[in-house]
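Chains as they are written, first to last, in the working numbering: chain D, 2 to 290; chain R, 634 to 1275.
Ideal Cβ positions, reconstructed from N, Cα and C, are used throughout, including at glycine.
Since the model is a prediction, treat every value here as computed from it, not as a measurement.
Take a look at the structure:
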């Protein structure tokens, strides 16, 4: 086997142009497919304002990633097919000794910088206008809905390995059932009694870590009646995978009658609960002596 | 330079007799002393802790944490004693002249003890990290078996979480050492024209600490397992039973080993480069090792500090992470991810280095955009310290900083994207030879792209609300770490193992391994993006029944992926044990320095320190000289066998 330099002077096809054409066709086909065919099926649906925001972002990001995906796939595929050595020749032929190209490098950098700044700006504006999009925003949220003052406050308390819910507007009654009214702003206050959990109301598009000693606020407005799953999303020990429950979304009047019945039902118990607070330290973990 | 002054130790020396080897310092004594050390220190800890623990910690952690932690530290000392790591400092203190070479002879025993030959240490590293890679992979098979049912059926809940934690921790720790250990230690000195690493004893120490870390982690199973996964979130770690002590000590050992290996590589590259090896000629793999080392040196101490805090919370009852006593669980999140995000680039950068090193050889073209690749790696390394809070988007911790971390996270895709441009430029009008290493490198780009693009979804806070902490994240980092690093590592193993061992690796079996691994890797992990978006949290043993079919499919594909790994193992056994064929000096026709010296490489690497006359990527130019060995041809294959 000998190593020979490449023979030059043959007619080279216009590889750059070919790749650009294939890429443009693939992208032109795939982007509409993603937006209009796949897009409607991307989770998490349209039950709440949060899921609508998340769905919109996911469709945009998926559509944006298609040109990049196609660029790499088309280029790789084209290179693998066209830029291969002839295994039968018995000699090792070197390619052209190209080392760099300032124009291509600068273009690549500028395009990726524009993409990144655009994505970050889009994400930031989206986060602020969508009231935090259902994510936990800590105790002092920046992105509040306009009707935050009249929102229904629901406290979510995580503990190993179950969820309980307190309604401070109704005497701080505590239940194991999560019932929410439709078409009303809801303000979740998420906290924990022991270790770190994460409150994930899947169909609502709400996710907020439950941290002991911390108050984590998330907003949601639900548009239809129905039910949703709640799961723990942060490893919290032995029965983490079983720390789930089902929540219910009912009409405003049904919610009123449910909450009043619950207040009455638990009146005898509620008075023994610690007063409603944003955080709790129920068990002293240290013996001071 | 000192490496030039270091005498060539060509007299292999009369190896001591079998009995002499057995009674000398070696891993057998290390195991024995580690056990004795554990027992002694555990007894001592029991005495110290007897008055404290029972009194102050009702219903909390196990009461003998002081004894267990001290016991584990005792076993570290015993381990080092048995391997002979205290000999050198003791000799120095007694005023005796220590030997320059330690444990370097031709006997097989050199693989079972402290050895200052960097090539021996690298082979030890390779065997050790691959061993733990397979153990951790086996855990993944158990996890996937459990997930074939939507309810917990196979394992008790605690055992399942221990499997999850062992898989994650072992993969993360062993793969952090998986490239920089074997390939870094083997290649860096040779690539820069040195006979050794800067600190050969420390090099050996990092390897033996890594091995011990693996076994200490496995000892968690004897102490009741641990429920925290690899992230070890407090206060769950405060509350957990004694198995978590093994996790803490094991991770601490890995942290120390990472710092030491990083310092060693940095000093080696700065001080031991051969004449003519300017920074502009440094192979890109060495640059990857340099940037990885910078990350290891800067990030791992933060981890060590955080682990130390949990240890003190558990043993002497401090309250770093107990919120009711003024501590903060969020402190752990911050410290852990301040280490944790650079850590994922400790796992990514070596992959970049391997791929960009191998690509020019089989494209028969120079590495395109060399300076840009170096700049990209440094960009990734520096920026990886500014993105850690994207792991905490939902934690509620100063949520108003989220746009900033969203921006920095997306910004880091620019230097990462440069690696793709390097690859593309190198492949342009190339003469590709589809060898097994090249296939793995091409697959790297395919997989890493999917990993990178899914990272964009996670970096956007709105989208992250859905995917955070779900199987989407799990699929994402398996695409970057397994699809990226492990594919690159496999490419590197197929590429360099003929040089390292002196035997060729079977290409047909290698291709079978590649295609099965590539196909089943994608079929395993791509569906998991959907599982995450549809509401499957990580680390659960029961999930919504509607996801059952998807999980069964993924499990079957995962088992096939496991079988593919057995093909790899079989290939190693076939090529290195059963049907051995001598490898030639330069089977890939590479221009890189390590291929210009004889196979097998003599223990002194170079007869004379070579003079470097060009970078290793001079393809396409007729006979571009890369290296001048001085007395050309003096280091011939014939002489090496002498």
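- Burial state of residue 170 of chain D is exposed, judged by a 10 Å Cβ sphere holding fewer than 16 other Cβ atoms.
- A distance of 8 Å or more separates the beta carbons of residue 144 of chain D and residue 187 of chain D.
- Per the C-alpha coordinates, the member of R:1205, R:1203, R:1158 and R:1199 positioned closest to residue 1185 of chain R is R:1158.
- Taking every protein chain shown into account, the CB of residue 87 of chain D has fewer than 16 other CB atoms within 10 angstroms, so this residue is exposed.
- For residue 86 of chain D, the nearest beta carbon of chain R is closer than 8 Å to its own beta carbon.
- At a cut-off of 4 residues, the continuous stretches assigned as alpha helix (DSSP H) that sit fully inside the stretch 1035–1062 of chain R are 1035–1044 and 1046–1060.
- CA-to-CA, the gap between residue 97 of chain D and residue 761 of chain R works out to about 41 Å.
- Identification of residues in the stretch 1208–1220 of chain R having a C-beta nearer than 8 Å to some C-beta of chain D yields an empty set.
- The C-beta separation of residue 916 of chain R from residue 1118 of chain R comes to about 19 Å, leaving the pair out of contact by the 8 Å criterion.
- Interface annotation, residue 14 of chain D: not in contact with chain R, CB-CB separation never under 8 Å.
- Residue contact check for residue 128 of chain D against chain R: a CB pair falls below 8 Å.
- Take the alpha-carbon of residue 184 of chain D and the one of residue 204 of chain D: they are about 15 Å apart.
- For residue 203 of chain D, the neighbours in chain R by C-beta distance under 7 Å run, in chain order, 1168.
- For residue 1259 of chain R against residue 1124 of chain R, the beta-carbon gap comes to about 22 Å, at or over 8 Å, which does not count as contact.
- In the three-state reduction of the DSSP assignment, residue 1064 of chain R falls in the coil class.
- Where residue 233 of chain D is concerned, the enclosing beta strand (DSSP E) starts and stops at 227–233.
- One Cα belongs to residue 70 of chain D, the other to residue 246 of chain D, and the distance between them is close to 39 Å.
- Around residue 258 of chain D, the same chain offers no residue with a beta carbon nearer than 7 Å, after the five sequence neighbours per side are excluded.
- Comparing alpha carbon positions, the residue from D:263, D:272, D:199 and D:99 closest to residue 1103 of chain R is D:199.
- Beta-carbon to beta-carbon, residue 27 of chain D and residue 75 of chain D are separated by about 6 Å, close enough to satisfy the 8 Å threshold.
- Bounds of any beta strand (DSSP E) do not take in residue 1246 of chain R, whose DSSP letter is neither H nor E.
- Residue 952 of chain R sits in coil when the DSSP states are folded into three classes, being neither helix nor strand.
- Residue 1043 of chain R reaches chain D at 116, 117, 118, 120, 121 and 124, counting residues in chain order whose Cβ is nearer than 9 Å.
- Taking C-beta atoms as the reference points, residue 1165 of chain R and residue 1071 of chain R fail to come closer than 8 Å.
- Under the criterion of beta carbons closer than 8 Å, residue 775 of chain R and residue 805 of chain R do not qualify as touching, at roughly 18 Å.
- Looking from the CA of residue 884 of chain R, the closest CA among R:1172, R:912 and R:842 belongs to R:842.
- Put simply, the CB of residue 175 of chain D is far from chain R, with every gap to its CB atoms at 8 Å or more.
- Distance from the CA atom of residue 773 of chain R to the CA atom of residue 29 of chain D, rounded to whole angstroms, is 40 Å.
- Shortest Cα-Cα distance from residue 243 of chain D to any of R:1202, R:1241 and R:1177 involves R:1177.
- Interface annotation, residue 933 of chain R: not in contact with chain D, CB-CB separation never under 8 Å.
- Residue 1261 of chain R is bridged by DSSP to R:1244.
- Relative to residue 832 of chain R, the option among R:893, R:787 and R:1195 whose CA is nearest is R:893.
- When C-alpha distances from residue 751 of chain R are compared across R:725, R:680 and R:824, the shortest belongs to R:824.
- A Cβ-Cβ contact shorter than 8 Å links residue 999 of chain R with residue 100 of chain D.
- Close to residue 226 of chain D, with beta-carbon spacing below 9 Å, lies no residue of chain R; the smallest spacing is near 20 Å.
- For residue 1103 of chain R, DSSP records a beta bridge to R:1170.
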